[in-house]
Amino acid sequence: MKCPICNQKSFVVYKNHNMPYGISLNSKCIDLKVDICSKCNFVFQSSAYTEQYNENISTLYKSYKISDMYNFPNRNYNNLKALEFISEHIDNTIEFNVLEIGSNRGDFLYLLKERFNNINILGCEPTEFKDLKVPTINSFFEADLFNTKFDLIVLRHTLEHIKFPKDFVETLSKVLKNDGKVFIEVPNLINSLKNFIEDFTPDHVNYFTTQTLQNIFQEYDINKVDDTEFIYVLFQKQNIKTNKSAVTKIDTDKIIDLFQDFNKHQEKCYEIINKYQRIIFYGISNFYLWTYVKLKPLLEDKDIYYTDDNITKDKLFNLKKIDSFQKGDLVILCTSNKQIQNQMCKNLPEGVDILYLWEGIKTNV
614 MKCPICNQKS FVVYKNHNMP YGISLNSKCI DLKVDICSKC NFVFQSSAYT
664 EQYNENISTL YKSYKISDMY NFPNRNYNNL KALEFISEHI DNTIEFNVLE
714 IGSNRGDFLY LLKERFNNIN ILGCEPTEFK DLKVPTINSF FEADLFNTKF
764 DLIVLRHTLE HIKFPKDFVE TLSKVLKNDG KVFIEVPNLI NSLKNFIEDF
814 TPDHVNYFTT QTLQNIFQEY DINKVDDTEF IYVLFQKQNI KTNKSAVTKI
864 DTDKIIDLFQ DFNKHQEKCY EIINKYQRII FYGISNFYLW TYVKLKPLLE
914 DKDIYYTDDN ITKDKLFNLK KIDSFQKGDL VILCTSNKQI QNQMCKNLPE
964 GVDILYLWEG IKTNV
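Using the working numbering, the first residue of the sequence shown is number 614, and each one after it goes up by one.
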């Protein structure tokens with residue numbers, strides 16, 4: 614397939630066969646393939662570029678209510694970090710317009726308005742929520758939806774879900790003021806590969822490095838960047854277009870090597886998992902669905918259970934909820950979120966072995 618950014622050839626670096634789309638669409642599966650562009654190093658899900666994918670993912674997003682398990686507004690670490698990251702760039706003394714694309718319930722916009730009470734906020738979200746606390750347009754983003762332009766556009770964990778991201782940025786520019794800013798927060802591909810974090814899921818179609826984000830936002834200046842677990846970047850629209858094609862890029866071979874290490878590490882985890890008799894999945898989430906399906910060939914003749922802090926019945930695979938843990942049990946944390954993983958570990962007894970997807974197995978102490 615050709616790269617959706619530069620239209621050059623790409624080749625496959627990762628596969629996951631027969632992967633369900635998600636809990637709300639678990640009857641539909643995809644043979645997931647991830648490609649890397651041979652020229653610009655952009656990494657993307659090539660299996661997403663079909664009409665069938667468009668239909669399935671549209672259905673999935675209409676019921677994408679992962680945040681409902683948290684109190685509103687969610688004041689978690691990531692929301693507060695993002696708030697601090699952009700606060701110095703918000704002017705509370707003028708009519709400052711903020712649009713969040715992929716606003717979900719509106720938690721972040723609510724926190725933003727709470728701190729800067731004079732700004733105007735608006736969300737754009739395809740999932741239907743009841744009793745929203747912030748003004749929201751229930752739709753996929755289109756420039757024609759708006760009759761005003763914005764000082765700041767927020768995309769937090771949104772751009773990784775959008776095919777042809779460069780075309781999307783061009784459309785986004787139509788509703789951004791000439792000196793307006795765009796705040797991007799996305800998973801960090803290099804961090805995910807180095808730490809063996811499972812980030813290659815059906816709903817993610819782009820996997821970014823700071824360099825590939827720069828390629829997409831070529832006509833913007835970078836005001837601020839944080840390149841850690843997630844990539845936080847604040848881009849500013851320029852009045853004068855400049856040529857920024859000569860961006861620093863990570864060597865293609867390095868990224869390929871990281872994918873090879875990632876694949877090998879998963880295989881090692883499979884070998885270790887196969888040695889356990891009692892296996893407990895912690896967390897009834899999309900990651901539970903994806904992980905269970907991936908590990909199913911290893912689970913025959915095993916004693917399989919689940920545990921969850923909120924859900925009392927497993928409606929996906931009808932696993933029995935664990936009554937009590939035993940020393941030497943293997944508990945699989947069905948999340949890639951570090952903060953949630955840490956809290957899960959605190960809830961588990963000493964002596965059980967814990968699998969971090971796919972970092973490895975550690976004994977809880």
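Glycine included, each C-beta is placed from N, C-alpha and C at the ideal position.
By alpha-carbon positions, which one of LYS615, GLN665, PRO633, CYS616 ends up nearest to PHE813? PRO633
Which of helix, strand or coil does DSSP assign to CYS619? In the structure shown, the three-state DSSP call for CYS619 is coil.
Burial state of VAL647, where buried means 16 or more other Cβ atoms lie within 10 Å: Buried, by the Cβ-count rule.
Under the three-state reduction of DSSP, which class applies to PHE624: helix, strand or coil? strand
So, using beta-carbon positions, are ASN654 and THR925 closer together than 9 Å? no
Assuming PRO778 contacts ILE714 under a Cβ cut-off of 8 Å, what Cβ separation, rounded to an integer in Å, is found between them? In this structure, PRO778 and ILE714 do not form a Cβ contact; the two beta carbons are roughly 12 Å apart against a cut-off of 8 Å.
Nonlocal neighbours in the same chain, by C-beta distance under 6 Å from MET957, ignoring five residues either side: TYR895, LEU946
Quick one, are the C-beta atoms of VAL799 and ILE863 less than 9 Å apart? no
Can the beta-carbon of ASP816 be found less than 9 Å from the beta-carbon of ILE670? yes
For LEU772 versus ILE886, is the C-beta spacing smaller than 9 Å? no
May I ask which residues mark the beginning and end of the alpha helix (DSSP H) holding GLN879? Unbroken alpha helix (DSSP H) run through GLN879: 865-886.
For ALA695 and LYS915, I'd like the C-alpha separation in whole angstroms. 42 Å
Using three-state DSSP, classify ASP816 as helix, strand or coil. coil
Run of the beta strand (DSSP E) containing PHE763, from where it starts to where it stops: 763-769
For HIS774 and ALA661, I'd like the C-alpha separation in whole angstroms. 10 Å
Host alpha helix (DSSP H) of LYS694 (start-end): 690-700
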